[in-house]
Amino acid sequence: MNDTAFRSSGLIARFIPCFAKSDVGKRRYDTASISKKVREQYHDFIHQLLRGKKNWNGEETLLHLSRHASEEYISYYNNYIEKEIKKSMCCCQDCGGKFHGLILRIACILYCADCCSRGIEPSEESVNHDTLLRAFNIAHYYRYQAIYGFSVNAPDGNIVKSEKIVQIFKTKNIRQGLKSDLYHSCRYKLFPTAKDFYSALDTLAEYGYVAYESVTAANNKKMQMVYVNPHSGFCGG
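All residue numbers for the sequence shown refer to our numbering, where the first residue is 133 and numbers rise by one.
Here you go:
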């Protein structure tokens, strides 16, 4: 993701990243099998989609949004997407520039699958408003994944370091501690120096996961106490 040649060409922006949540540590040996009915329904639907595949003699077939869907899409682009490219997607503006196209592609895929299940030609109807809203929801999932992916692969890797601190806090049930003490408690290869650790900790503070308080130590030296936000979701206990 940091390759400037790939980024500048728009190649990376056209990929759809997905970082699946790991189930390691939560899996069971005796997990129930998928029911026969569900497997058969899935099998039949996939084969129905394959049987409905057409190439229209090699010619392009255009799909159109309904009037309601088109108005919603234009409004959404003008009032949300364009603004978010410079806000939440500032770390991946190239990907943000392709976000509106991703929504349309997902909407068309959903629409074609629905038409196939109903046995009608996609060109006979327009992509309706409900389908577009479903596409919004799915596209936003991949948008968050893209933001995460590009943030993790940022040059300083600060997000990765911050997540490691969260993991260590969880494992060691850390609720609070002096900043210097926490550095020694969280020794890891991602933090070769105290500066690396403090920078990642500052990121957590910026987003409200931890808070600082100036305190006076026994030798009258000013130090910082770190408190883990109990509502952050990773506070020990």
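Every residue, glycine too, gets a C-beta built ideally from N, C-alpha and C.
Would residue i be called buried (16 or more neighbouring beta carbons within 10 Å of its own) or exposed?
| i | result |
| --- | --- |
| Tyr243 | buried |
| Gly369 | At Gly369, the pLDDT of 45 sits below 50, so the modelled position is not reliable and the matter cannot be decided from this model. |
| Tyr205 | buried |
| Cys318 | buried |
| Asp226 | buried |
| Ile297 | buried |
| Ala350 | exposed |
| Thr263 | buried |
Helix, strand or coil: how does DSSP classify residue i here?
| i | result |
| --- | --- |
| Ala164 | coil |
| Thr335 | helix |
| Val292 | helix |
| Ser198 | coil |
| Leu310 | strand |
| Ser283 | helix |
| Val360 | strand |
As a quick exercise: from the options, pick the residue whose alpha carbon is nearest that of residue i.
| i | options | result |
| --- | --- | --- |
| Ser255 | Phe323, Phe147, Ile235, Leu195 | Leu195 |
| Gly228 | Leu143, Gly309, Arg275 | Arg275 |
| Gln356 | Tyr330, Lys311, Thr335 | Lys311 |
| Arg266 | Val292, Arg237, Ser294 | Arg237 |
| Val360 | Ala350, Tyr339, Ser249 | Tyr339 |
| Val342 | Pro149, Ile252, Ser294 | Ser294 |
| Leu143 | Phe323, Pro362, Lys230, Tyr208 | Lys230 |
| Lys153 | Tyr280, Tyr330, Leu314 | Tyr280 |
Which partner residues of residue i appear in the DSSP bridge assignment?
| i | result |
| --- | --- |
| Met355 | Val347 |
| Val156 | In DSSP, Val156 forms no bridge with anything. |
| Val170 | Beta-bridge pairing links Val170 to no other residue. |
Roughly how far, in whole angstroms, is the beta-carbon of residue i from the beta-carbon of residue j, given that I think they are within contact range, below 8 Å?
| i | j | result |
| --- | --- | --- |
| Ala278 | Cys222 | That pair is no contact at about 12 Å. |
| His232 | Ile213 | 5 Å |
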